[in-house]
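S.K.:
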Amino acid sequence: MPLFRHVMVGAIDLVESKKFYDAIFNVLGVSPGTNEIDKCRWVGEGGQFLIKLPIDGEAATYANGGTIGFDCSSISMVDEWYSAGMSNGGTSITAPEISDRGMYELYLAYIRDPVGNKLNATFKLP
């Protein structure tokens with residue numbers, strides 16, 4: 016059973032955020048998002064990812080301490096994901112690098128989307 020049905024984050028500008036997420040999700044093999052009235056939706060294996068204008072009309076903000084992680088199948092996929100994000104309005108937190116976790120190593124990168132949501136792409140090294 017999938018762990019999640021969907022993940023949704025707030026957006027300030029749907030056009031800007033859709034461009035960003037279309038680019039990083041394209042690297043992961045996910046089709047472009049579909050525009051809906053006040054949100055955009057991407058459907059992948061195991062769930063959906065959505066961006067939405069806040070229902071209460073207040074400003075969209077990001078979670079303090081929150082991170083959304085995406086699984087990659089290779090080092091080059093992490094690199095492409097990072098590049099796509101940076102070329103489409105993302106802000107770098109950690110450029111792609113090897114992270115030694117003691118019993119295993121990860122190749123990973125962290126960026127922020129146009130609103131400031133913290134995103135991660137990771138490939139577990141063999």
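Here the sequence shown stands for residues 16 to 141, where the numbers follow our numbering.
Glycine included, every Cβ here is placed at the ideal spot set by N, Cα and C.
1. So if DSSP puts Tyr-122 in a beta bridge, which residue, or which two residues, is it bridged to?
2. Is the beta carbon of Val-30 less than 7 angstroms from the beta carbon of Asn-132?
3. Please work out which residues of its chain come closer than 8 angstroms, Cβ to Cβ, to Phe-35, disregarding the five sequence neighbours upstream and downstream, and give them in chain order.
4. What are the boundary residues of the beta strand (DSSP E) that includes Asp-86?
5. Could you tell me the alpha carbon to alpha carbon distance between Asp-86 and Ala-75, rounded to whole angstroms?
6. Sorted by chain position, which residues of the same chain lie with C-beta nearer than 7 angstroms to Ala-136's C-beta, five sequence neighbours on each side aside?
7. Cβ atoms of Gly-48 and Trp-57: under 7 angstroms apart, would you say?
8. Identify the continuous beta strand (DSSP E) that holds Phe-64 and give its terminal residues.
9. Using the Cα positions of Glu-73 and Leu-121, report the straight-line distance between them to the nearest angstrom.
10. Mapping the DSSP letters down to three states, classify Val-24 as helix, strand or coil.
M.R.: Quick answer:
1. As a position in the sequence shown, residue 122 is number 107, starting the count at 1. In DSSP, Tyr-122 forms a bridge with Ile-113 and Phe-138.
2. By one-based count along the sequence shown, residue 30 stands at place 15. By one-based count along the sequence shown, residue 132 stands at place 117. Contact flag unset, no.
3. Translated into the one-based positions of the sequence shown, residue 35 becomes position 20. For Phe-35, where only same-chain residues beyond five positions count, the Cβ hits under 8 angstroms are Gly-100, Asn-103, Gly-104, Gly-105, Asp-128 and Pro-129.
4. Start at 1 with the first residue of the sequence shown, and residue 86 comes out as number 71. Looking at the DSSP string, the run of the beta strand (DSSP E) that includes Asp-86 is 83-86.
5. Start at 1 with the first residue of the sequence shown, and residue 86 comes out as number 71. Start at 1 with the first residue of the sequence shown, and residue 75 comes out as number 60. Answer to the nearest angstrom: the Cα atoms are 25 angstroms apart.
6. As a working note, residue 136 is residue 121 in the sequence shown. Taken in chain order, the residues that qualify are Phe-85, Cys-87, Val-93, Trp-96, Tyr-97, Leu-123 and Ala-124.
7. Residue 57 sits at position 42 when you count from the first residue of the sequence shown. Residue 48 sits at position 33 when you count from the first residue of the sequence shown. Against a cut-off of 7 angstroms, the Cβ pair of Gly-48 and Trp-57 comes out as a contact.
8. Position 49 of the sequence shown, counting from 1, holds the residue named residue 64. Counting along the chain, the beta strand (DSSP E) containing Phe-64 begins and ends at 62-67.
9. Numbered from its first residue, the sequence shown carries residue 73 at position 58. Numbered from its first residue, the sequence shown carries residue 121 at position 106. Rounded to the nearest angstrom, the two C-alpha atoms are 37 angstroms apart.
10. Indexing the sequence shown from 1 puts residue 24 at position 9. Strand.
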